[in-house]
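Just so we're aligned, residue 19 is where the sequence shown starts under the working numbering, counting upward by one.
What follows is a single structure, written as structure tokens, with notes after it.
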Amino acid sequence: MSLIFSDPSFQGIVQFFVDHSYIIMFIVFVFEGPIALMAASFGASLGYFNIWIVIGLAILGDDAGDFLWFYIGYLGRNTIVKKFGRFFGVSEERIERLKSFLEKHPKKTVTFIKLSPVISVVGLMIVGSTHMSFKKFLYAITPIIIIKTAGFVLLGYFFGAAYNTILYYYKNVTYGILLVGLLIIATYIIFKRFEKRLAHKLEKNGV
């Protein structure tokens with residue numbers, strides 16, 4: 019996140035969104051991950067943003083980001099994936115396995131790729147390289163995005179609502195934000211571990 023945010027801390031991201039427009043928020047959602055969404059949801063709980071606009075921008079931004087990688091693979095076919103896949107830790111063997119899964123189980127494979135923290139970007143390019151139809155890809159990826167967005171919005175908004183209570187007891191804005199940030203980061207780590215286990219289980223079962 020340091021490429022976008024001058025202050026990559028949780029409170030710094032919240033302030034960044036407060037200082038900029040919804041258009042900038044959308045652009046951030048295209049390239050950044052769940053922490054940015056939780057920060058925006060946290061800001062919404064404090065009254066800085068409209069939560070429904072945040073949700074809409076998050077879904078559109080995530081869709082746009084996924085379609086970007088999909089389209090790169092669609093245009094470049096296997097050349098881009100084979101040339102840059104190694105930089106993401108994706109072997110030729112794994113690429114071939116993903117292609118095989120995609121042919122047999124397109125929706126399940128897209129779900130696996132989306133939930134994988136390691137091969138998500140390259141995996142989406144692989145999907146694009148198979149020339150899967152845009153409509154089919156949209157139907158496969160959007161439900162996953164909506165579910166993930168809802169989860170992270172609830173996390174950010176919930177801790178944001180608790181923020182005022184925390185401040186009431188601690189009487190210190192800095193410590194309050196730090197505590198909320200640590201809780202959100204801890205929850206995020208747990209969620210990512212769950213994602214890894216789910217992705218591993220899907221791969222192990224040949225899904």
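Beta carbons are placed, not taken as given, at the ideal position from N, Cα and C, and that holds for glycine.
Note that the structure is a prediction, hence the values are computed from the model and not measured.
In this structure, how does DSSP classify Glu121 when only helix, strand and coil are distinguished? On the sequence shown, position 103 is the one that residue 121 refers to. Helix.
Between Gly65 and Tyr40, what straight-line distance do the alpha-carbon atoms span, to the nearest angstrom? Taking the sequence shown and counting its residues from 1, the one referred to as residue 65 is at position 47. Taking the sequence shown and counting its residues from 1, the one referred to as residue 40 is at position 22. Taking the straight line from one Cα to the other gives about 14 Å.
Three Cβ pairs or more, each shorter than 8 Å: is that satisfied between the stretch 52 to 62 and the stretch 165 to 174? yes
Cutting at 7 Å between CB atoms, please list the residues of its own chain near Ala82, excluding the five before and the five after it. Counting from 1 along the sequence shown, the entry for residue 82 is found at position 64. Closer than 7 Å at the Cβ level, and outside the excluded window around Ala82, lie Val48.
For Leu86 and Phe44, believed in contact at Cβ under 8 Å, the rounded distance: In the sequence shown, the residue the question calls residue 44 occupies position 26. In the sequence shown, the residue the question calls residue 86 occupies position 68. About 13 Å separates the two Cβ atoms, so there is no contact after all.
Using C-beta distances below 7 Å, list every residue in its chain close to Thr160, excluding the 5 sequence neighbours before and after it, in chain order. In the sequence shown, the residue the question calls residue 160 occupies position 142. Excluding sequence neighbours, Thr160 sits near Asp81.
First through last residue of the alpha helix (DSSP H) which encompasses Phe264: As shown, the chain starts at 19 and ends at 225. That puts residue 264 outside it, with no answer to give.
Using the three-state DSSP reduction, which class does Gly174 fall into: helix, strand or coil? Here residue 174 corresponds to residue number 156 of the sequence shown, with the count starting at 1. Note: Gly174 maps to helix in three-state DSSP.
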